[in-house]
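What follows is one structure encoded as structure tokens, with my remarks underneath.
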Amino acid sequence: MQKRNGFTLIELLVVIAIIAMLMAILMPALQRVKKQAQAVACQSNLHQWASSAMMYATEHDGKVWTISQGLGEWMEVLHPYYADVDKIRCCPAATRPCQDTDGTESRGSVDTMWGRKGEQTEWGGRERGYWGSYGHSRWVQQRLSSADTRHWERFSVKGAHNVPLFADSAFTHALPLHTNPIPPKPLIFFSDIPVDAGGCQIWRFCIDRHSGMTNICFLDSSVRKIPLYNLWDLKWHREWIRQGYTKADIPWLK
1 MQKRNGFTLI ELLVVIAIIA MLMAILMPAL QRVKKQAQAV ACQSNLHQWA
51 SSAMMYATEH DGKVWTISQG LGEWMEVLHP YYADVDKIRC CPAATRPCQD
101 TDGTESRGSV DTMWGRKGEQ TEWGGRERGY WGSYGHSRWV QQRLSSADTR
151 HWERFSVKGA HNVPLFADSA FTHALPLHTN PIPPKPLIFF SDIPVDAGGC
201 QIWRFCIDRH SGMTNICFLD SSVRKIPLYN LWDLKWHREW IRQGYTKADI
251 PWLK
């Protein structure tokens with residue numbers, strides 16, 4: 001009887017089918033593990049930004065940088081306090097350059113960064129240090145007008161653990177308002193925010209980058225993962241009114 005040296009076609013097809021089934025079972029689990037790893041690395045980046053901010057505070061009498069220093073260049077303000085700043089500019093889930101649907105490159109998206117590495121952007125001709133996928137709340141900065149009392153201005157304030165400093169973002173900064181409504185649909189690109197929505201700057205932070213959650217660094221340098229609907233319950237400025245939204249208020253949230 002002749003000895004068989006290989007698989008028959010049917011046996012090969014069975015093996016391929018089994019491998020395909022196993023891959024179909026394992027891929028979702030592997031994707032979840034990847035996303036969890038990205039979220040952890042993202043929080044680590046934010047911790048590094050927090051450390052840089054605390055060092056800045058130590059040298060500036062506990063004060064936050066002024067608004068004029070933070071309009072797109074806040075990462076450069078903190079650059080002297082962390083030499084490897086380029087390594088922490090982006091959340092691992094958003095490292096690619098963005099090409100917005102309207103052709104704009106300086107603005108990011110849920111899975112891309114804002115700005116361009118080493119290239120001039122169209123907004124103000126910025127070149128140096130204008131790229132990343134985190135944004136900061138401009139409410140923490142020193143105000144230019146003495147009439148606006150909503151700004152925090154200092155790191156040591158009551159309830160600092162609930163005052164956002166840095167967060168996952170589709171843009172470099174924002175001035176959220178508690179009157180900003182919940183987005184009616186998932187925001188993919190910055191240009192998804194309608195001009196007639198009155199700015200709705202909290203939407204820049206309301207991006208589904210971490211499975212319905214977002215990572216936020218607070219004024220006390222702590223970092224937490226926050227559900228998107230809880231963004232309206234944080235103390236963005238001194239006169240903020242909590243909205244008490246729940247997951248049911250964001251129907252598109254999985």
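Number 222 in my numbering belongs to position 222 of the sequence shown; there are no gaps in the numbering.
We put the CB at the ideal spot given by N, CA and C, even for glycine.
1. Roughly how many angstroms separate the alpha carbons of ILE25 and LYS34, rounded to a whole number?
2. For SER222, which three-state DSSP category applies?
3. So the candidates are ILE18, ILE16 and GLN43; which of them puts its Cα closest to the Cα of HIS210?
4. Rounding to the nearest angstrom, what Cα-Cα distance links LEU175 and TRP139 in this structure?
5. Please report the distance separating the alpha-carbon of LEU234 from that of LEU219.
6. Just the Cα atoms here: how many angstroms apart are ASP148 and TRP65?
7. Among ASP86, PRO80 and LYS117, whose alpha-carbon lies nearest the alpha-carbon of PRO97?
8. Look up THR66 in the DSSP assignment and give the residues it is bridged to.
9. Within the chosen definition, does the region 43-55 reach the region 161-176 through at least 3 CB pairs nearer than 8 angstroms?
10. Enumerate in chain order the residues of its own chain whose CB-to-CB distance from TRP74 is below 6 angstroms, with the five nearest sequence positions on each side excluded.
11. What is the C-beta distance between LEU177 and ILE202, in whole angstroms, given that I count them as a contact (C-beta under 8 angstroms)?
12. Buried or exposed for THR8, going by 16 or more other Cβ atoms inside 10 Å?
13. Apply the 10 Å Cβ neighbour rule to TRP252 and answer buried if 16 or more other Cβ atoms are within range, or exposed otherwise.
14. Could you name the residues of the same chain whose beta carbon sits closer than 6 angstroms to that of THR112, not counting the 5 residues immediately before and after it, in chain order?
15. Expressed to the nearest angstrom, what Euclidean distance is found between the alpha-carbon atoms of ARG89 and PRO181?
16. On the three-state DSSP scale, how would you describe CYS217?
17. Output the distance between the C-alpha atoms of VAL259 and ILE10, rounded to the nearest integer angstrom.
18. Kindly indicate which residue of ILE67, THR172 and ILE216 has the alpha-carbon position closest to the one of VAL40.
19. Just to confirm, is the Cβ distance from VAL110 to ILE193 under 7 angstroms?
20. Where does SER211 sit, in a helix, a strand or coil, going by DSSP?
This is what the structure gives:
1. 15 angstroms
2. coil
3. GLN43
4. 6 angstroms
5. 12 angstroms
6. 16 angstroms
7. LYS117
8. GLN142
9. yes
10. HIS136
11. 7 angstroms
12. exposed
13. exposed
14. ALA94, ARG96 and CYS98
15. 29 angstroms
16. strand
17. The question about residue 259 has no answer, for the chain in this structure spans 1 to 254.
18. ILE216
19. no
20. coil
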